[in-house]
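In my numbering, the protein residues as written are 174 to 344.
The beta carbon of each residue, even a glycine, is placed where N, CA and C say it ideally should be.
First the structure, in the form of structure tokens, and then the observations on it.
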Amino acid sequence: AIEQDMPILGICLGAQLIAAALGADVYSNQTKEIGWYEVTPTQEGLRDPVIKHLAGHEQVFQWHGDTFDIPPGAVHLASSPHCANQAFRFGDNIYGFQFHLEVDQAMVERWFTIPSMLEEVANTEHLASADEMLKQTGKHINASTALGEKTFGAFIELIKAGPKRKALPSR
């Protein structure tokens with residue numbers, strides 16, 4: 174898909190896998206980000222056709238303990254105080270987001286019913302409680318959903334435009 178220049182969007186682990194496939198290191202972040210965190214676009218992010226909707230300091234849902242370096246040749250699009258590399262673009266249409274714009278209220282609530290996820294929250298220092306994160310979800314989810322709709326809508330426009338297919342050598 175990368176070689177054929179097809180639109181790709183990786184979220185969280187997906188972003189880490191894309192970064193690794195493009196030659197970047199993936200490693201443990203200095204701290205886990207679980208819950209609602211502020212993400213800020215870089216100057217390049219403010220101009221990017223997909224992520225430009227992150228216009229300021231947006232609260233987005235996170236659930237990760239690992240992070241990635243920005244792949245060689247990629248553009249750094251967003252950061253947060255606890256995780257410098259929150260988003261990147263490689264070429265014109267390959268994106269990696271560390272954060273979760275795809276979540277809705279029901280999804281976050283389901284995550285907090287999974288025993289292993291509750292245990293991770295309880296055993297991670299410096300995190301709000303699961304109950305507090307659910308309260309924060311009620312506060313931030315509408316803005317996050319609207320941001321996700323704009324961002325994913327812009328990405329879908331890349332898909333509609335079609336891949337800039339490159340001929341691959343035949344075997």
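Is residue 238 closer than 9 angstroms to residue 227 when the C-beta atoms are compared? In the sequence shown, residue 227 corresponds to position 54, counting from 1. In the sequence shown, residue 238 corresponds to position 65, counting from 1. The beta carbons of residue 227 and residue 238 sit no closer together than 9 angstroms.
Taking its Cβ as the centre, do 16 or more other Cβ atoms sit within 10 Å of residue 207, making it buried, or is it exposed? As a first step, residue 207 is located in the sequence shown; it is residue number 34 there, counting from the start. It counts as buried.
Ends of the alpha helix (DSSP H) at residue 189? Start at 1 with the first residue of the sequence shown, and residue 189 comes out as number 16. Counted as a single uninterrupted DSSP element, the alpha helix (DSSP H) harbouring residue 189 occupies residues 186-194.
Beta-carbon within less than 7 angstroms of residue 188's beta-carbon, same chain only, minus the 5 sequence neighbours each way: which residues are those? Indexing the sequence shown from 1 puts residue 188 at position 15. Answer for residue 188: 241, 269, 270 and 271, listed in chain order.
Short Cβ contact (9 angstroms threshold) for residue 205 with residue 214: Within the sequence shown, the letter at position 32 stands for residue 205. Within the sequence shown, the letter at position 41 stands for residue 214. Cβ distance not < 9 angstroms, so residue 205 and residue 214 don't count as in contact.
Inspect the beta-carbon positions of residue 255 and residue 203 and report whether they are closer than 9 angstroms. Locating residue 255 in the sequence shown gives position 82, where the first residue counts as 1. Locating residue 203 in the sequence shown gives position 30, where the first residue counts as 1. Going by C-beta atoms, residue 255 is nearer than 9 angstroms to residue 203.
To which residues of the same chain is residue 182 closer than 6 angstroms at the C-beta, ignoring the five residues directly before and after it? On the sequence shown, position 9 is the one that residue 182 refers to. These residues qualify, in order along the chain: 268 and 328.
For residue 288, three-class secondary structure by DSSP: By 1-based counting over the sequence shown, the position of residue 288 is 115. Helix.
Beta-carbon within less than 6 angstroms of residue 306's beta-carbon, same chain only, minus the 5 sequence neighbours each way: which residues are those? Position 133 of the sequence shown, counted from the start, is the residue given in the question as residue 306. Taken in chain order, the residues that qualify are 208.
For residue 305, the residue or residues it bridges with in DSSP: In the sequence shown, the residue the question calls residue 305 occupies position 132. DSSP, once it has assigned bridges, lists no residue as partnering residue 305.
By DSSP, does residue 224 sit in helix, in strand, or in coil? Indexing the sequence shown from 1 puts residue 224 at position 51. Helix, per DSSP.
Could you spell out the range, first to last residue, of the beta strand (DSSP E) harbouring residue 297? The sequence position of residue 297 within the sequence shown is 124, counting from 1. First-last for residue 297: undefined, no H or E at that position.
CB-CB length for residue 322 against residue 184, believed under 8 angstroms: In the sequence shown, residue 322 corresponds to position 149, counting from 1. In the sequence shown, residue 184 corresponds to position 11, counting from 1. 15 angstroms between Cβ atoms; not a contact.
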